[in-house]
Amino acid sequence: MPHSDTPEPYRYTLAERLYLPLLGGMWVTLRHFVGNLLGRRTSYTIEYPEERRAYSHRFRGHHILTSRPDGSLRCVACFLCATACPAECIHIEAGEHPDVNVEKYPVVYDIDMLRCVFCGYCVDACPEEAIIMSNNYDMAFFNRASSVVTKEELQKPFTYDQARLGYRPRYPEEEEQRARARRELQAGRVDLVGEARRRQEAAAAGPESSKSAAASS
Amino acid sequence: MPTATIPAPPLLDSLPEGSVEVVEGLDQPTWIVRRDALAQVARQLRDDPETQFDLLLDLCGVDYPDRDERFEAVYHLYSLPRAARLRLKVPVLEDDPVLPSLIDVWTAADWFEREAWDMFGLRFEGHPNLRRILTHEAFQGHPLRKDYDPARRWILTEDKIYKPNPQPTGSESVDDMFERMTINIGPSHPAMHGTFRVVATLDGEVIVASEVEIGYLHRCFEKMAETHTWQQVIPYTDRLNYCSSFINNVAYCRTVEKLMGIEAPPRAVWAQMILSEFSRIMDHCVCNGSTLVDTGALTNFWYMFQPREEIYGLLEACCGARLTVSACRIGGLLEDLPPDFEARCRHLLETVPEFIDDVDKVVTKNRIWLDRSVGVAAISAEEAVDHGWTGPCLRASGVDYDVRRAYPYDLYGEVDFEVPVFQGGDVFDRYRMRMEEIHQSLSIIRQLLDRGMPDGPYIVDDPHVALPPKEDAYNQMEAMIYHFKLIMDGIQVPPGELYHMVEGANGELGFYVISDGSGKPYRIKVRPPCFPIMASFSHLMQGGTISDAIATLGGLNIIAGELER
Numbered sequence: 031m032p033h034s035d036t037p038e039p040y041r042y043t044l045a046e047r048l049y050l051p052l053l054g055g056m057w058v059t060l061r062h063f064v065g066n067l068l069g070r071r072t073s074y075t076i077e078y079p080e081e082r083r084a085y086s087h088r089f090r091g092h093h094i095l096t097s098r099p100d101g102s103l104r105c106v107a108c109f110l111c112a113t114a115c116p117a118e119c120i121h122i123e124a125g126e127h128p129d130v131n132v133e134k135y136p137v138v139y140d141i142d143m144l145r146c147v148f149c150g151y152c153v154d155a156c157p158e159e160a161i162i163m164s165n166n167y168d169m170a171f172f173n174r175a176s177s178v179v180t181k182e183e184l185q186k187p188f189t190y191d192q193a194r195l196g197y198r199p200r201y202p203e204e205e206e207q208r209a210r211a212r213r214e215l216q217a218g219r220v221d222l223v224g225e226a227r228r229r230q231e232a233a234a235a236g237p238e239s240s241k242s243a244a245a246s247s
Numbered sequence: 026m027p028t029a030t031i032p033a034p035p036l037l038d039s040l041p042e043g044s045v046e047v048v049e050g051l052d053q054p055t056w057i058v059r060r061d062a063l064a065q066v067a068r069q070l071r072d073d074p075e076t077q078f079d080l081l082l083d084l085c086g087v088d089y090p091d092r093d094e095r096f097e098a099v100y101h102l103y104s105l106p107r108a109a110r111l112r113l114k115v116p117v118l119e120d121d122p123v124l125p126s127l128i129d130v131w132t133a134a135d136w137f138e139r140e141a142w143d144m145f146g147l148r149f150e151g152h153p154n155l156r157r158i159l160t161h162e163a164f165q166g167h168p169l170r171k172d173y174d175p176a177r178r179w180i181l182t183e184d185k186i187y188k189p190n191p192q193p194t195g196s197e198s199v200d201d202m203f204e205r206m207t208i209n210i211g212p213s214h215p216a217m218h219g220t221f222r223v224v225a226t227l228d229g230e231v232i233v234a235s236e237v238e239i240g241y242l243h244r245c246f247e248k249m250a251e252t253h254t255w256q257q258v259i260p261y262t263d264r265l266n267y268c269s270s271f272i273n274n275v276a277y278c279r280t281v282e283k284l285m286g287i288e289a290p291p292r293a294v295w296a297q298m299i300l301s302e303f304s305r306i307m308d309h310c311v312c313n314g315s316t317l318v319d320t321g322a323l324t325n326f327w328y329m330f331q332p333r334e335e336i337y338g339l340l341e342a343c344c345g346a347r348l349t350v351s352a353c354r355i356g357g358l359l360e361d362l363p364p365d366f367e368a369r370c371r372h373l374l375e376t377v378p379e380f381i382d383d384v385d386k387v388v389t390k391n392r393i394w395l396d397r398s399v400g401v402a403a404i405s406a407e408e409a410v411d412h413g414w415t416g417p418c419l420r421a422s423g424v425d426y427d428v429r430r431a432y433p434y435d436l437y438g439e440v441d442f443e444v445p446v447f448q449g450g451d452v453f454d455r456y457r458m459r460m461e462e463i464h465q466s467l468s469i470i471r472q473l474l475d476r477g478m479p480d481g482p483y484i485v486d487d488p489h490v491a492l493p494p495k496e497d498a499y500n501q502m503e504a505m506i507y508h509f510k511l512i513m514d515g516i517q518v519p520p521g522e523l524y525h526m527v528e529g530a531n532g533e534l535g536f537y538v539i540s541d542g543s544g545k546p547y548r549i550k551v552r553p554p555c556f557p558i559m560a561s562f563s564h565l566m567q568g569g570t571i572s573d574a575i576a577t578l579g580g581l582n583i584i585a586g587e588l589e590r
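Chain order of the listed sequences is S and Y.
Per our numbering, the very first residue in the first sequence carries number 31; after that it's consecutive.
Per our numbering, the very first residue in the second sequence carries number 26; after that it's consecutive.
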């Protein structure tokens, strides 16, 4: 047999026998302890839900069904999303649309959030940009029935507010624009938690400052 | 790069005529062996100095209902001294699906044979314990057979649950001993890192015999893959080794790309390598962190999880998810890299080593940890190979085998890295190995960043493989048709079969895929690196205490998602 049949375990050095390296370890923990005590945050713990992590513009969260300017759904019930879904969580029933140019619309459009794996395949598949994802990840249900969300609920959070959108089709020029905004915001430093904290502080300070501004004017 | 030498046919003279048929495979030589000759061929392949196939990588069944000989048992072998690969196929009849057990030749065959029995009903004669392994005791039929309905459910009632009662096989009489105690750890136990059940018989504090039960997280990934398109399998692969799901994505996509004869563009390969190495770092951090927390060194868990948190942030910026990334597509990436990708990677390269060094300072030379880990669950190189080990655990036993070095895929041939090897084969060396590999991975990432990000597309420009850009799909008829065809019918992979492997965080992660050209995989078999490692857990625990067993389990990095698929 070409391989050795006896393991050779590590041999302790004299310092290790005398427990000396423990002092170095204690210095490390002391450094972290004092650092955290004096406010130099070296921990990444976020105090959710007061603090929130700032996710990227690609975050795959709760789905959104987008609308046309008149408020109707863009979805034409082509079933591509339901076909592409590896978890088989999308249920669509198609109906005839009064407008002949649109032809079809979904009478029922349900997503079972407990089955969904948030892979984003539905967004990739959609030929109408009718389904996109938000960066909302707060999804808690008290029973299984309420985990099935209907098209009304999926349409509700629809907004073009950049801060609330997640994974969706993107175009190169848009990407550049977003990158610039991000660079300006962070000035080269990647600090997700800090960003979240700043945003939260700004939100807390925001209404008051705007109120005082209104009063002074 | 060592070229795989095609092994010489074994001493065929001593075998009856026609027992071995040599076929050229797409990827590696394949021998079709008659089952009567299997035991002899296997033994010769292992012992013959010309071949020396000492590592049984994988064993799986395949079902071909249209063939006369319906089932096929497929063995994947690797020869460490000769760096050669070989696939053995053994066809058997439906009425008589019996093969000789190879457990005497390679101990690794133990659980693999149980799995093939469970999934296909192949009976291995001479196997001492041919029970179901992934499904439960009340399960009827064999789920990976083509005629098994995937929607069938079986209920396990309490009276049918298997009750293990491991007894030592030694010759000592019970009268000499104190009363023995059998204790049950898991399946739901914080030290079990997932859901496994270990039943151990103790003599005082020493484990004299034990039995491991797995299958609590079995979701039949392989059956699900057969009912979905090639593209749809990617989110499932995330859930194999969920600590480093990106590597699974890459492994699967590479395999399918190879089978289709396409290559991902350089930009995608470059990014996939960087993110794979970051995933490896993350996986090692989780493994070492949890081993340390199991042995009482809680602080290190937090230090180890901080780099992981940052790496998750990078992955999320690239693909929109932290844990189950689904970031790769066949032929490239899901999306182009974010513009601040390089800056973020550089930032990580600066911050990750700080935490690793902190852990290094706290525990690596700390005698309390050394006493818990040095010499614990030591396994020799020979035994580790016999048990089918790969990856960091095998290298900790002194065998210099790393897929990235032995078969440099992607750009691994062009970057400079070392394959660390330790000789102890114990918990401490597995820990040291992972710490060292983190540094090697960081060095690989640094070299890749220094090479600069290649320009060009992030996914192949082939409408039969990759979805056309969204603007084209909205505005051009042709792109629209391709878009619909690709979603409705899936990627059309030409018929063929292939085994491709990458170095996963736990060892050789292989995908054996068979396509029949129908648009869905005919069979996908994952070679899970921690399956053979877990199979030898009983053997490792023998003679240790319960606390040793806990430390051992942490150090082996068993991931239930990958183990039970």
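Using N, Cα and C, we set each Cβ at its ideal position, and we do this for glycine too.
Just so you know, these numbers come straight off a predicted model, no measurement behind them.
In chain order, 406, 407, 410, 424 make up the part of chain Y whose C-beta sits under 7 Å from the C-beta of residue 33 (chain S). No residue range can be given for residue 583 (chain Y), since it is assigned to no alpha helix (DSSP H) and is classified by DSSP as neither H nor E. Annotation note: the stretch 104-169 of chain S contains the following uninterrupted alpha helix (DSSP H) runs of length 4 or greater, listed N- to C-terminal: 110-114, 151-155.
For residue 142 (chain S), there are no neighbours in chain Y by C-beta distance under 9 Å, as the nearest C-beta there is about 15 Å away.
DSSP places residue 478 (chain Y) outside both helix and strand once states are collapsed to three, so it counts as coil. Per DSSP, reduced to three states, the secondary structure at residue 137 (chain Y) is helical.
Cβ contact annotation for residue 89 (chain S) (same chain, cutoff 7 Å, sequence separation greater than five): 165, 196, 197, in chain order.
When Cβ pairs closer than 8 Å are counted between the two stretches, the stretch 488-500 of chain Y is seen not to touch the stretch 220-227 of chain Y, the count staying below three.
With fewer than 16 other Cβ atoms from the protein chains shown falling within 10 Å of its own Cβ, residue 43 (chain Y) counts as exposed. At least one CB of chain S lies nearer than 9 Å to the CB of residue 453 (chain Y). When C-beta atoms of the stretch 114-134 of chain S are compared with those of the stretch 73-84 of chain S, fewer than three pairs fall below 8 Å, so the two segments do not count as touching. Nearest C-alpha to residue 381 (chain Y) among Y:583, Y:467, Y:588, Y:68: Y:467. DSSP, read as helix, strand or coil, puts residue 415 (chain Y) in coil. The three-state reading of DSSP puts residue 86 (chain Y) in strand, counting E and B together.
The stretch 483-550 of chain Y is shown to contain whole alpha helix (DSSP H) runs of 4 or more residues at 495-500, 502-514, in chain order.
Within the stretch 98-110 of chain S, the residues whose Cβ lies closer than 7 Å to some Cβ of chain Y are 110, listed in chain order. Interface residue (Cβ-Cβ distance to chain Y less than 9 Å): residue 126 (chain S) is not classified as such.
Contacts with chain S (Cβ-Cβ distance below 9 Å) from the stretch 257-276 of chain Y involve 257, 258, 259, 260, 261, 263, 264, listed in chain order.
Residue 265 (chain Y) carries a coil assignment under DSSP once its states are collapsed to helix, strand and coil. Here residue 190 (chain Y) is exposed, its C-beta having fewer than 16 other C-beta atoms within 10 Å. Excluding five sequence positions before and after residue 307 (chain Y), the CB atoms of its chain that fall closer than 7 Å to its own CB belong to 268, 269, 333, 336, given in chain order. For residue 57 (chain S), the enclosing alpha helix (DSSP H) starts and ends at 51-67. Cβ-Cβ distances below 7 Å link residue 281 (chain Y) to 255, 355, 518, 538 in the same chain, with the five nearest sequence neighbours on each side left out; the list follows chain order. Rounded to whole angstroms, residue 220 (chain Y) and residue 588 (chain Y) show a C-alpha spacing of 11 Å. For residue 397 (chain Y), the three-state secondary structure derived from DSSP is helix. Of all residues in the stretch 41-57 of chain S, those with a C-beta nearer than 9 Å to a C-beta of chain Y are 41, 42, 43, 45, 46, 47, 48, 49, 50, 51, 52, 54, 55, 56, 57, reading in chain order. One finds 341, 342, 345, 363 in chain Y with Cβ atoms closer than 8 Å to the Cβ of residue 86 (chain S), taken in chain order. Counting along the chain, residue 56 (chain Y) sits inside the beta strand (DSSP E) bounded by residues 55-58. Rounded to whole angstroms, the separation of the alpha carbons of residue 294 (chain Y) and residue 435 (chain Y) is 6 Å. Close to chain S, meaning a Cβ-Cβ distance shorter than 8 Å, are the following residues of the stretch 498-512 of chain Y: 498, 499, 505, 508, 509, 512.
By the neighbour-count criterion, in which a residue is buried when 16 or more other Cβ atoms sit within 10 angstroms of its Cβ, residue 330 (chain Y) is buried.
Residues of chain Y whose Cβ lies closer than 9 Å to the Cβ of residue 112 (chain S) do not exist; the shortest such Cβ separation is about 10 Å. Below the 8 Å Cβ cutoff, chain Y contributes no neighbours of residue 235 (chain S), its closest Cβ being approximately 26 Å away. Between residue 206 (chain Y) and residue 231 (chain Y), the alpha-carbon positions lie close to 10 Å from each other. For residue 156 (chain Y), the closest alpha carbon among the candidates Y:113, Y:174, Y:188 is that of Y:188. Taken in chain order, the complete alpha helix (DSSP H) segments of 4 or more residues contained in the stretch 290-343 of chain Y are 291-319.
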